[in-house]
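What follows is a short report on a single structure.
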Amino acid sequence: MSINIANELSKRSIDNILVATYRGGILSPSLDNQTVLHVLHKKNGSDLFAFYKLVKLAYHFAPTHIHAHSTSIIWATFIRLIFPGIKLIWHDQFGLDTTLNKRSYMRWLLP
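Residues 37 to 147 in this note's numbering are what the sequence shown spells out, letter by letter.
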C-alpha cells in the first residue's frame, strides 16, 4: 500500500518520501525513481537513534502529512508532538482491535 501511494504521489508531481522503520521490503524495487526511500534500521520499539533519524528527516523534509501503518502510529504521534502542524493518517489491517496483541495503548494515541 505505501509503495502504491508513494508512486502515485510522485506521478502527480507531489513531493513525498517513504520511510521504512526496520528494513526495505521485497517491493522496494517497485518504487518509482522519483520516490525517496529512507530506512531507519530500527532495532526495537525504543531505538532512540532510529527515532532521532526520523526527527531529522521530519525537520529536513517538513512533511504536512504522515501516513503511519500499524504500531508506527506511536512514533508518528511523537513526531506530531514535536511538529504540531503535521496531520496523521493511520491504518491497520486489524482496525481498532485494542485487544489484539495487547495493543490497548493505541486507544489513547488514536484521538
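Note that CB positions come from ideal geometry on N, CA and C, so glycine has one too.
Since this is a predicted model, take the numbers as computed values, not measurements.
Exposed unless 16 or more other CB atoms sit within 10 angstroms - verdict on residue i
i	result
residue 168	Since the displayed the chain opens at 37 and closes at 147, residue 168 lies outside it and no answer follows.
residue 47	exposed
residue 78	buried
residue 118	exposed
6 Å Cβ shell around residue i - same chain, five flanking residues per side excluded
i	result
residue 112	102, 104 and 124
residue 56	75
Three-state class that DSSP yields for residue i in the structure shown
i	result
residue 67	coil
residue 84	helix
residue 53	strand
residue 96	helix
residue 76	coil
residue 41	helix
residue 115	helix
residue 110	helix
Beta-carbon contacts of residue i that lie in its chain and below 8 Å, excluding the five residues immediately before and after
i	result
residue 63	39
residue 60	73 and 75
residue 108	57
Contacting residues, own chain, Cβ-Cβ under 7 Å from residue i (five flanking each side not counted)
i	result
residue 89	76
The ligand GTP heavy atom lying under 7 Å from the CB of residue i
i	result
residue 102	Among the components modelled here there is no ligand, and therefore nothing to report on the ligand GTP.
**OP:** Report yes or no: do three or more beta-carbon pairs, one from the region 43-59 and one from the region 90-103, lie closer than 8 Å?
**Re:** The region 43-59 makes contact with the region 90-103: 3 or more CB pairs, one atom from each, lie closer than 8 Å.
Subject >> Three CB pairs or more closer than 8 Å across the region 39-47 and the region 55-71 >> reply: Cβ pair count under 8 Å is three or more, so yes.
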